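Residue numbers (full-length UniProt numbering): 1 to 185.
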C-alpha cells in the first residue's frame, strides 16, 4: 500500500474510533491528528476538512459492498453484506447517518439505491421502454424506501439480523416493482 494510502487509513481509523464515542460535530481536525499520531499539516495534505475524510471512508470502505449488488440476481446479497459491514462499524455509521446535507452517507446510499433500482427496472423491462420521468419516479420511490428502512434499522441500534431484514425488503420489492413496470407494457 502506498504511503499516502497508509496515512489516509491511519486518519480514517482515528476518526472512526473518535466517532464511536462522540458525534462528528464534537471532533476537531486536531483531535483526529492527535488520535492518529500525525500532525494537522499531514491531515490537511490529504484532506481539506473532516467531512472530506468521512466521505473518503464511505467511498473506500463501502464500495466493495455497493458494487456487489449491482445486478438483479445479487442485489440482496450485496445489501446484506453492506448491512453486516455497517453492524461491524455500528457506532461510526450511526453517527454518520446523523450528518445531514450534500455528501452525507444518507445521500451516498440514496444515489447507489437509485442506480440499483434503475438497473433492476431496466433489466426487468428488457427491450420494452418506459418513459424516463416514470423510471426516475420509480427509482426515487424505491431508493428512498430502501434508505429510509436502512436508516431506521441503524437508528434502532442495528439489532435486527440483516439477512432477515433484507429478505423482508426483497419480498416487498419483487412483487411491487414488477407490477408497477407491467403498467407500461
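Beta carbons: idealized from backbone N, C-alpha and C, even for Gly.
Here the structure is a predicted model, which is why all the values come from computation and not from measurement.
Could you name the residues of the same chain whose beta carbon sits closer than 7 Å to that of residue 8, not counting the 5 residues immediately before and after it, in chain order?
-> 46 and 56
Reference residue 95, options 156, 41 and 4, closest by Cα | 156
So what's residue 47 in DSSP terms, helix, strand or just coil?
-> coil
Compute the Euclidean distance between the alpha carbons of residue 60 and residue 178, then round it to the nearest angstrom.
-> 33 Å
On a CA-only basis, which of 176, 147, 162 and 11 is nearest residue 85? Give me that one, please.
-> 162
Among 111, 182, 4 and 89, which one has its Cα closest to the Cα of residue 139?
-> 111
Identify, in the order they occur along the chain, each residue of the same chain with its Cβ nearer than 7 Å to the Cβ of residue 24, setting aside the five sequence neighbours on each side.
-> 50, 54, 95 and 99
Note down the Cα distance separating residue 52 from residue 183, rounded to an integer number of angstroms.
-> 43 Å
When DSSP labels each residue in this structure, what does residue 189 get in the three-state scheme?
-> Residue 189 is absent from the model: the chain starts at 1 and stops at 185.
Going by alpha carbons, who is nearest to residue 83 out of 4, 6 and 154?
-> 154
Quick one: residues in its chain with C-beta nearer than 7 Å to the C-beta of residue 149, no 5 flanking neighbours on either side, listed in chain order?
-> 169
Neighbourhood of residue 166 by C-beta distance below 7 Å, restricted to the same chain and skipping five residues each side = 76, 79, 80 and 83
Which runs of the beta strand (DSSP E) fall wholly inside the UniProt domain "HTH tetR-type" (5-65) and span at least 3 residues, in chain order?
-> none
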